[in-house]
Amino acid sequence: MTDTPLHLIRNFSIIAHIDHGKSTLADRLIQACGALSEREMKDQVLDSMEIERERGITIKAQTVRLIYPAKDGNTYELNLMDTPGHVDFAYEVSRSLAACEGSLLVVDASQGVEAQTLANVYQAIEAGHEIVPVLNKIDLPAAEPDRVKTQIEDVIGLPADDAVMISAKTGLNIEGVLEAIVTRLPPPQGDAAAPTKALLVDSWYDAYLGVVILVRVKDGRLRKGQRIRFMSTGAVHTVEATGIFTPKMVPVEDLGPGEIGYITAGIKTVADCKVGDTITDDRNPAAEPLPGFKPSVPVVWCGLYPTDADDFEKLRESLAKLRLNDASFHYEPETSAALGFGFRCGFLGLLHLEIVQERLMREFDLDLIATAPSVVYRIHRTDGTVMELHNPADMPDGSVIDHIEEPWIKATIFVPDDYLGAILTLCNERRGQQVDLTYVGNRAMAVYRLPLNEVVFDFYDRLKSVSRGYASFDYAMDGYAEADLVKITILVNGDPVDALSFIAHRSQAEKRGRAICEKLKELIPRQLFKIAIQAAIGGRVIARETISALSKDVTAKCYGGDITRKRKLLEKQKEGKKRMRQFGKVEIPQTAFLAALKMDA
Amino acid sequence: MPEPLALYVHWPFCLSRCPYCDFNSHVRERIDERRFRAALLADLAWEAGRLGPRPLASIFFGGGTPSLMSPETVAALIEAATRAFPPATPPEITLEANPTSVEAAKLAGFRAAGVNRISLGIQALDDSALAFLGRRHSAAQALAALETARALFPRASFDLIYARPGQTRAAWRAELRRALAFGLDHLSLYQLTIEPGTPFARLHDRGELVLPGEDAQAALYRATEEEAARAGLAPYEVSNYAAPGAESRHNLAYWRYLDYAGIGPGAHGRIMVGGRLTATARVRAPEAWAEAVERRGHGVREEEELSAAARAREALLMGLRLAEGIDPARFLARTGVALADALDPAALAAAEAEGLVARTTAGGIATTRAGRLRLDALLPRLVR
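Residue numbers (numbering that gives the first Met the number 0), protein chains in the order written: chain A, 0 to 600; chain B, 0 to 383.
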């Protein structure tokens, strides 16, 4: 399988908005090249993780090698790189793209270009890709291929006249896609005789094999027994196996220039395998690493606490296991007066945060409380020093703060005309600054600068609801700027609940404070005592709600025959108390926390 | 000195099921009373055999509808019980009766059999409310039965159910005043409770039966206390009101967590056997219970020796229903746990500060009226 001449290799990725048919097309390509038997074929072969399947998104880069006998009589090795499909993983996406020479741009022939497509296609252009537009779902009555072609040309600036017209669902013209890959995408370049240089595209932990590394060889070779060096860390390992994905893992003797495959090298954690790193030969190293390596930096943080304090160790172990497979998320121990022992965790974005939480709950069977997500603020102290604030609870006293900076993003929003007004209102409410507003047919593309803080706070949900799900949204980090920010503390019967405190712009503080007080009033059941819920900035109360005391709660009939049942109920209630958090004498159920932390503005 | 014994006898049959009731009651076209009498006597004899002689303090015939039994059956059971457990003082012998005319006619027979306290399931003094509650008697029949009972029995009590859908405080006060005007020294006044699995629960789930809200229920409860107090009846337990000395001794045994034996289908007991407190439960289904007794001499389905923690919890959940509270010496003797060790000290201090719990003169604790009204919420905090 090795030594495929470079001119017979094509490495490509597929760019598409969620639901535009990327996975279906990938499945068809795999099927057409006979990589899997009918029996092995299940929908969306590449999205293997349970969560990925459910949400239709890819978290880890994956790849499959296809063997395609083309019309020109040659048999080609096609490597399909399935990239993570969300802005949170923008850097991972860029590395996956760097492993390929070309992309298929899949656009739904009735829906047209979406914000996410745009961000990814620009990344592909930046990576120097040749791009072949593919119009999918052309069999649907609502398909408007001509309009969408024009849109691709207008919005993206790509010629779309000879876009490949397909229906991935019915299998229509899959051949045309394969031919376009062979004839229109360039082969890789590389020098088999040069010192080994391979791009580390992604890595994951496999219970049997240890860490598996996905690589794209640029120059030289990777083979079993070779001593390799990671150029960013200098760490040296011995290659234990090399192989390819069909998509099953199949060992091969070695991997040569232009090829994509995997290696294992007895590595214990993926944290040692930084995406974008360059792998070289330890004895005959390359002079320069491949360009573009940067360590991943979390932009959104939140506290994760076990619901049951006894689960703290389990949470620690689970986080460690998770990090085996996801080096981009960070965690450090943290204590909260309200929630006890837990961890402050950093994520690449909101989706990443949700995915990690979900995996912890689902795969590790943990009940968690997550505090409100917070962005990283830069606090400039009066003494000239700067601190990065990950947790609102750590905000220093106002007297030592000179000014605070918050991170901004540049957001691109695609939306049908009808909803544009609502979207602009939403962006303005969130302190957005309009950068650009253009129309393509009956769709508008709004580009806004927004504080990230305003986006972590339910922006995405609101966007979906005001546009009835029609708006698509993407963003990129866009620097820091000074802002008038305040910390809002929530007090329950006078005791601050640190886990509920948050930072907001002064103009939003009162509204948010009031909203959270009202929500808590709804969520906290009446108790034996009257409960005051307050939101305060420093010593100043900005919102207040009162929950009146429970007036009656007693079983009317209880005689000799009821006693066993009542005792068991009491024991269950005592057990249930573990799911309550105690603030002074007030008990707040877990569910109230979760809901309050997720609440709408 | 052996422990006094409270004896519960369960008669599981009813003429019809009331839509609010989740007790172990069954409707049968024909009841083989001889068979069930024999089985009850056998179940009693077996219990007497293992308990040994103890002074009988009380008997309670509950159900179901025990007034459907013939007076001869009741007489036979009382006779056997007093023989097996010779009383030191005259025992309290209560029988629950429905105030239909048929059953009223049997009351003299029950009195002759030895019953000295009658508890009538009147439930309401309003015909439309009685129909709603699925009762087979009218208010007039109930009052007639009450007159008969008062004339026959030295002690009488009856039950009412309040906090019914749409019932105003004024209407309940008026109904209760009429009830209190009979001058009885004991009443059981229950708030309507929706029990899972009952016809009322299904109506409730569908939103077709709406109970008064929590605050309205609390107000109804307070009104109940006020009216009862005016008639000289104090709430000695959450739902039971009595003049001093007229409390149900049998039911007090439950709430004081004293020994009681339960015979008949589904009956429960708490008995000290060989220094260990045992929870007993009998087979629930009437025929299956009778078969078990016939086959092996007793109807016990399950016996569990209770841990100290379980005993302490049971003693607390029962004892805190009582106005008199929990006696620390008795608590220790019955549970093996000191009262102070069974309670969460911080929660106790907080509850005291809030006026939900108070110390008794004997050094024990009792719920206040406010605490009793919120006992279900208080208990899980208080219990360690």
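Think of the CB as a built atom: it goes at the ideal place given N, C-alpha and C, for glycine as much as any other residue.
A quick note: this is a predicted structure, and the numbers were derived from the prediction, not measured.
Please go through the same chain and pick out, in chain order, the residues whose beta-carbon is closer than 7 angstroms to the beta-carbon of residue i, but skip the five residues on each side of it.
i	result
A:H6	P186
B:G372	Correcting the residue identity first, residue 372 of chain B is Leu in this sequence and not Gly. Cβ within range, chain order: A217 and Y220.
A:E453	R429 and R430
A:A508	V485, I487, I536 and I541
A:V465	Y418, A421, I422 and L425
B:F199	P18, Y19, I193 and L208
B:G296	A41 and W45
A:Q150	G111, V112, V439 and G440
A:N324	W203, Y204 and V269
B:G113	A74, I77 and I92
A:L352	V299, C301, F346 and P372
A:V399	R380 and T381
B:R358	I364
Specify the secondary structure class of residue i as computed by DSSP and reduced to three states.
i	result
A:S22	helix
B:A141	helix
A:G260	strand
A:P391	helix
B:H249	helix
B:Y235	strand
A:K584	coil
B:T334	helix
A:H6	helix
A:Q122	helix
A:I29	helix
A:V112	coil
A:Q61	strand
A:Y75	strand
B:D343	coil
A:P250	strand
B:A349	helix
B:R358	strand
A:Y90	helix
A:P132	strand
Quick one: residues in its chain with C-beta nearer than 6 angstroms to the C-beta of residue i, no 5 flanking neighbours on either side, listed in chain order?
i	result
A:Q225	V238
A:M0	Note that A:M0 has pLDDT 41, beneath the 50 cutoff, so the model's placement of it is unreliable and the number below is only indicative. Answer for A:M0: V251, listed in chain order.
A:L303	G341, F342, C344, L367 and A369
B:L305	L276 and A278
A:C99	N10, F11, S12 and M80
B:P54	P3, P86 and A87
A:L451	V374, P406 and I408
A:F472	A114, I412 and L462
B:E102	S66 and A96
Go through its chain and collect everything with a Cβ distance to residue i's Cβ below 8 angstroms, but skip five positions before and after it.
i	result
B:A227	L175, L179, L186, L188, A233, P234 and Y240
A:D253	T1, R220, L221, R222, K223 and T241
A:T277	K196, A197, L198, L199, F229, M230, S231, A285, P288, L289 and F292
Measure from the alpha carbon of residue i to the alpha carbon of each residue in the options, then state which is nearest.
i	options	result
A:L549	A:K565, A:R543 and A:F528	A:F528
A:D26	A:L79, A:I8, A:Q572 and A:N73	A:L79
B:R82	B:S156, B:G48, B:T93 and B:P70	B:G48
B:Q190	B:G51, B:A162, B:L276 and B:A361	B:A162
A:T268	A:P588, A:A319, A:A308 and A:P288	A:A319
A:D396	A:H379, A:L199 and A:I532	A:H379
A:M444	A:S102, A:G111, A:Q61 and A:E178	A:G111
B:F330	B:A322, B:E323 and B:G318	B:G318
A:I227	A:Y207, A:T279, A:L352 and A:S102	A:T279
A:I587	A:V296, A:K273, A:L338 and A:D153	A:L338
How close, in whole Å, do the beta carbons of residue i and residue j come, if the pair is a contact with beta carbons under 8 angstroms?
i	j	result
A:P256	A:V216	6 angstroms
If you measure from the beta carbon of residue i to each beta carbon in chain E, is any gap under 8 angstroms?
i	result
B:L257	Judged by its chain identifiers, the structure shown contains no chain E, and its protein chains are A and B.
Which runs of the alpha helix (DSSP H) spanning at least 4 residues fall entirely within the region 171–221 of chain B, listed in chain order?
Those alpha helix (DSSP H) runs which fall completely within the region 171–221 of chain B and span 4+ residues are 198–204.
At what residue ranges does the region 142–186 of chain A contain a whole run of the alpha helix (DSSP H), taking only runs of 4 or more?
Taking only runs of at least 4 residues, the alpha helix (DSSP H) segments lying wholly in the region 142–186 of chain A are 144–150 and 173–183.
Please give me, in chain order, every unbroken run of the beta strand (DSSP E) with length at least 3 that falls completely inside the region 85–145 of chain B.
Runs of the beta strand (DSSP E) inside the region 85–145 of chain B: 91–96 and 116–122.
Write down every uninterrupted run of the beta strand (DSSP E) in the region 469–538 of chain A whose length is 3 residues or greater and which is fully enclosed by it, in chain order.
Fully enclosed beta strand (DSSP E) runs of 3 or longer: 471–482, 484–491, 501–504 and 530–536.
For the region 318–399 of chain A, list the beta strand (DSSP E) runs that are entirely contained and at least 3 residues long, ordered along the chain.
Restricting attention to beta strand (DSSP E) runs no shorter than 3 residues, the region 318–399 of chain A encloses them at 329–335, 339–346, 367–369, 376–380 and 385–388, ordered along the chain.
Just list the beta strand (DSSP E) runs in the region 412–463 of chain A, keeping only unbroken ones of 3 residues or longer that don't cross its boundaries, in chain order.
List check, beta strand (DSSP E) in window: 432–439 and 442–450.
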